[in-house]
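Asks: Here it is, the structure, as structure tokens.
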Amino acid sequence: MKTIIFSVLLLFLWIGWWLSPWQNISSAPVITASDYLYTADSGQPLLLPTQDLQNWQRHPASGLPRLDSPLWLQMTFKIEQTPSSTQGLYISALGAYDAFWDGEKLGSNGHPGNNIEEEQPGKIDKVLLLAPKQLTPGHHVLNLNISSFYFPAHLKEAGLWALISDYDFLIAMQYQRVMPALMMTGALLLISIYCWMLYFTSLKEPAWLVFGILSFTILMLIIAESWRGLWGYTYDWHILRMQIVLALSCAVSTLLCLFFCYFFHCSRRWRLAWPLFCTAIQLAILVMMDGYDTRSLYVFVSGITVSMLICLHAMWHQHKQALVMLIGLLLFISPVTFNRLSYMDQNFFVCFAILIALILYWLNQTLKEKQTQLHQSQLTASRLQLELVKKHLQPHFIMNTLTAIEEWIEESPAIAIQFIQTLADEFRCLASIADKPLVPAGQELELCQTYLTLMRYRANTHYDFVTDQVNPSLQLPPGIILTLLENAISHNQYPPGQYQFSLLQSATRKHTELCFVAPVTHSGKKRSGSGTGNKYIRARLNESFSDNWQMKVTLDSEHWFVTISLPATLHKT
């Protein structure tokens, strides 16, 4: 039910964005030219507007051909009626140029030249003021004498846009386009710092670390995208900025996939496979497609697509947040179907803000669950500490021990003193480990040897415990090996004699295995492995290793085997 409610709220939030004023930024009528004519600059003065256009070539108005010489461009604008407001001519071009309107010089942007030494790069965006007398009804001609020697040689064509609109609108246009994204910068910085602080100080959850890096990378992408509208730059910096935007787009796409891998607790194999799959798609896009804007868009689409596949994979494994995340990703990418070209500039960052809010909500829910689990584990730890002490202070055990001491005091005071000292050593060792979640195996085995010494006194039976293969630095929950020994002795009721217990250790790349071996008697074969002792062992393993452990009990005609599998990285350094 919570998932359905949150999905509906997310849908209303998305609809609200599309109906908000940011989606309807105040605009003004725009006059454009569908194409233009161009010719190479021969170095001779050109009479403007030119009449002899036989050798001129026609080109779409949205591009600028790459030539090794300056160009003359001519565009024709049709004015239906003289505008009532002050108009401006907006030109965006990768080049330096002189602009002429109906044969009269309108202004310059940089200084065009015959070679790279003579050229002074112009600004990427320029707005020139048009007087009312220059906008009488009819056709008007714009000529540009343009050079672009700083334009990279490997690119065949660059963007060129020229349009007429309200002067104030053109001046404010770039600021209005970047303002929604800039509103996110402070929040993204705080989110990044918050996630990193959580990861490095308390919550060692990789999803928080990756999400912090993702938020900071989006912040860098916003700055790179807003650089043009806020501060402007000469056109020779444009390709570098676009390369930075493309690189950050690839990083955001990959980090988003990596985040969902950690968020849904994918296995190590999938955490490697999904980002590599996303990276392979990105490389194909970079190689097979042209244009920085187009590649940036498809890189994002690839990252969202792979992230949705990860959500579907998580849904297959019945992860409760997978459906909401999938809906959020679908809403995030849906504006591409309405306006593909403006998605990266206008809609991406605000849609990403909604997605980030969704992710933060579920991360916060996960944090609350972790805190609840921590509180529960603390209560469990206290209960287990008490359980460990109770197991060794049972009234039956105390009465038998005191009776034995009383007899030894009368018959053999030296043995009584040794027994009391050994019993004190056991209680001292028990007190030192009871309140710890993990202890070195060497300390646990020392407690076991002390316990067997006590049992030798009480049962007049000799017990050996072989532990040569066990690494003393291996970290174990306290009391689990001791409990196995107690189970073996209490279940089998060994008659007087000599018996040997063994603890073997083996290791693989991912796990460390401990195998406890005990001799079995006829009475021991009748006992099951589901008593209080085994419940204590399983509770301790759950507390320390969550679900990352296994315990298997087997029995043959002569021995009882208990195999415990633990994570491999449990050696104290």
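So the sequence shown is residues 1462 to 2034, counted in this note's numbering.
Beta carbons are placed, not taken as given, at the ideal position from N, Cα and C, and that holds for glycine.
Could you spell out the range, first to last residue, of the beta strand (DSSP E) harbouring residue 1548?
Replies: In the sequence shown, the residue the question calls residue 1548 occupies position 87. Looking at the DSSP string, the run of the beta strand (DSSP E) that includes residue 1548 is 1548-1554.
Asks: Going by CA-CA distance only, name the one from 1564, 1611, 1566 and 1598 that's closest to residue 1582.
Replies: Locating residue 1582 in the sequence shown gives position 121, where the first residue counts as 1. Answer by Cα proximity: 1611.
Asks: Taking 8 Å as the limit between beta carbons, can you name the residues of its chain near residue 1713, skipping five residues before and five after?
Replies: For the purposes of this step, residue 1713 is identified with residue 252 of the sequence shown, where counting begins at 1. Taken in chain order, the residues that qualify are 1675, 1678, 1679, 1682, 1761 and 1764.
Asks: State the Cα-Cα distance for the pair residue 1658 and residue 1547, rounded to the nearest angstrom.
Replies: In the sequence shown, the residue the question calls residue 1658 occupies position 197. In the sequence shown, the residue the question calls residue 1547 occupies position 86. C-alpha separation (whole angstroms): 52 Å.
Asks: State the beta-bridge partners of residue 1519 as determined by DSSP.
Replies: Here residue 1519 is taken as the residue at index 58 of the sequence shown, counted from 1. DSSP output for residue 1519 lists 1498 as bridge partner(s).
Asks: To the nearest angstrom, how far is it from the Cα of residue 1604 to the Cα of residue 1621?
Replies: By 1-based counting over the sequence shown, the position of residue 1604 is 143. By 1-based counting over the sequence shown, the position of residue 1621 is 160. Approximately 13 Å, taken between the alpha carbons.
Asks: Counting C-beta neighbours from all protein chains within 10 Å, is the total for residue 1600 16 or more, i.e. buried, or is it exposed?
Replies: On the sequence shown, position 139 is the one that residue 1600 refers to. Classification of residue 1600: exposed, given that the 10 Å Cβ count is below 16.
Asks: Which class does residue 1493 belong to by DSSP, given the choice of helix, strand or coil?
Replies: Here residue 1493 corresponds to residue number 32 of the sequence shown, with the count starting at 1. Correct three-state label for residue 1493: strand.
Asks: The beta strand (DSSP E) spanning residue 1959 covers which residue range?
Replies: Residue mapping note: residue 1959 aligns to position 498 of the sequence shown, counting from 1. Note, residue 1959: beta strand (DSSP E), 1959-1968.
Asks: Taking residue 1604 as part of the beta strand (DSSP E), name the residues at either end of that continuous run.
Replies: The count along the sequence shown starts at 1 and reaches residue 1604 at position 143. Its beta strand (DSSP E) spans residues 1599-1608.
Asks: Along the alpha helix (DSSP H) that carries residue 1526, what are the first and last residues, could you check?
Replies: Stepping through the sequence shown from its first residue, residue 1526 is reached at position 65. No alpha helix (DSSP H) contains residue 1526, which is instead part of the beta strand (DSSP E) from 1524-1526.
Asks: Return the bridge partner residues of residue 1581 from the DSSP annotation.
Replies: Here residue 1581 refers to the residue found at position 120 when the sequence shown is read from its first residue. Bridge partners of residue 1581: 1572.
Asks: Would you mind working out which of 2029, 1705 and 1944 sits nearest residue 1970, comparing C-alpha positions?
Replies: Your numbering for residue 1970 matches position 509 in the sequence shown. Checking every option, the nearest Cα to that of residue 1970 belongs to 2029.
Asks: Would you check if there are 3 or more beta carbon pairs closer than 8 Å linking the stretch 1572-1591 to the stretch 1517-1528?
Replies: No, because fewer than three Cβ pairs between the stretch 1572-1591 and the stretch 1517-1528 fall closer than 8 Å, the two stretches do not touch.
Asks: So for residue 2019, helix, strand or coil by DSSP?
Replies: Position 558 of the sequence shown, counting from 1, holds the residue named residue 2019. Coil, per DSSP.
Asks: What residue ranges within the stretch 1709-1782 form continuous alpha helix (DSSP H) runs of no fewer than 4 residues, ordered along the chain?
Replies: The qualifying runs are 1729-1749 and 1753-1777.
Asks: Locate the alpha helix (DSSP H) running through residue 1658, then write down its first and last residues.
Replies: To locate residue 1658, count along the sequence shown from 1; it is residue 197. First-last of the alpha helix (DSSP H) with residue 1658: 1646-1662.
Asks: For residue 1671 and residue 1719, which I take to be in contact (beta-carbon distance under 8 Å), what is that distance rounded to the nearest angstrom?
Replies: As a position in the sequence shown, residue 1671 is number 210, starting the count at 1. As a position in the sequence shown, residue 1719 is number 258, starting the count at 1. With a Cβ gap of about 5 Å, residue 1671 and residue 1719 count as contacting.
Asks: Residues in the same chain with beta-carbon distance under 7 Å from residue 2009, minus the five sequence neighbours each way, listed in chain order, please.
Replies: As a first step, residue 2009 must be located in the sequence shown, where it is residue number 548. Cβ within range, chain order: 2028.
Asks: So, are the CB atoms of residue 1706 and residue 1739 less than 7 Å apart?
Replies: On the sequence shown, residue 1706 is found 245 positions in, with the first residue counted as 1. On the sequence shown, residue 1739 is found 278 positions in, with the first residue counted as 1. The answer is no: Cβ separation not under 7 Å.
Asks: Taking the beta carbon of residue 1541 as the centre, do at least 16 other beta carbons fall within 10 Å, making it buried, or is it exposed?
Replies: Residue mapping note: residue 1541 aligns to position 80 of the sequence shown, counting from 1. Residue 1541 comes out exposed.
Asks: If you compare alpha carbons, which of 1549, 1954 and 1703 is closest to residue 1489?
Replies: Here the question's residue 1489 lines up with position 28 in the sequence shown. Per the Cα distances, 1549.
Asks: Residue 1491 to residue 1629, Cα distance in whole Å?
Replies: Locating residue 1491 in the sequence shown gives position 30, counting from the first residue. Locating residue 1629 in the sequence shown gives position 168, counting from the first residue. One C-alpha to the other measures close to 13 Å.
Asks: If you count every other CB in all the chains shown that lies within 10 Å of the CB of residue 1636, and 16 or more means buried, which is it?
Replies: As a first step, residue 1636 is located in the sequence shown; it is residue number 175 there, counting from the start. Burial call: exposed.
Asks: Could you give the first and the last residue of the continuous alpha helix (DSSP H) run that contains residue 1676?
Replies: For the purposes of this step, residue 1676 is taken as the residue at position 215 of the sequence shown. Start and end: 1667-1691.
Asks: Name the DSSP beta bridge partners of residue 2026, please?
Replies: For the purposes of this step, residue 2026 is taken as the residue at position 565 of the sequence shown. Per DSSP, 1974 and 2011.
Asks: Would you say residue 1557 and residue 1572 are within 7 Å of each other, going by their C-beta atoms?
Replies: Reading the sequence shown from its first residue, position 96 is the one you call residue 1557. Reading the sequence shown from its first residue, position 111 is the one you call residue 1572. In this structure, residue 1572 lies closer than 7 Å to residue 1557 by Cβ.
Asks: Buried or exposed for residue 2026, please, with buried defined as at least 16 other CB atoms from any protein chain shown within 10 angstroms of its CB.
Replies: In the sequence shown, residue 2026 corresponds to position 565, counting from 1. Flag for residue 2026 reads buried.
Asks: With a 10 Å radius around its C-beta and 16 neighbouring C-beta atoms as the bar for buried, classify residue 1973 as buried or exposed.
Replies: Counted from its first residue, the sequence shown places residue 1973 at position 512. It is buried - the Cβ of residue 1973 has at least 16 other Cβ atoms within 10 Å.
Asks: Tell me the rounded alpha-carbon separation between residue 2017 and residue 1953.
Replies: As a position in the sequence shown, residue 2017 is number 556, starting the count at 1. As a position in the sequence shown, residue 1953 is number 492, starting the count at 1. Cα to Cα, the separation comes out at about 14 Å.
Asks: Is residue 1607 buried or exposed, if buried means 16 or more other CB atoms sit within 10 Å of its CB?
Replies: Residue numbering aside, residue 1607 sits at position 146 when the sequence shown is read from its first letter. The residue in question, residue 1607, is buried, as its Cβ has 16 or more Cβ neighbours within 10 Å.
Asks: Alpha carbon to alpha carbon, how far is residue 1913 from residue 1961?
Replies: Taking the sequence shown and counting its residues from 1, the one referred to as residue 1913 is at position 452. Taking the sequence shown and counting its residues from 1, the one referred to as residue 1961 is at position 500. Roughly 11 Å between the two C-alpha positions.
Asks: Tell me whether the stretch 1771-1785 and the stretch 1752-1761 touch, counting them as touching only if at least three CB pairs, one residue from each stretch, are closer than 8 Å.
Replies: Contact fails: fewer than three Cβ-Cβ distances are below 8 Å.
Asks: Among 1979, 2001 and 1998, which has the Cα closest to the Cα of residue 2015?
Replies: Numbered from its first residue, the sequence shown carries residue 2015 at position 554. That would be 1979, whose Cα lies nearest to the Cα of residue 2015.
Asks: By Cβ distance, which residues of its chain are closer than 7 Å to residue 2013, with the 5 residues on each side in sequence left out?
Replies: The residue labelled residue 2013 in the question sits at position 552 within the sequence shown. 2024, listed in sequence order.
Asks: Can you tell which of 1772, 1729 and 1741 has the C-alpha that lies nearest to the C-alpha of residue 1721?
Replies: Taking the first residue of the sequence shown as position 1, residue 1721 is located at position 260. Residue 1721 has its Cα closest to that of 1772, out of 1772, 1729 and 1741.
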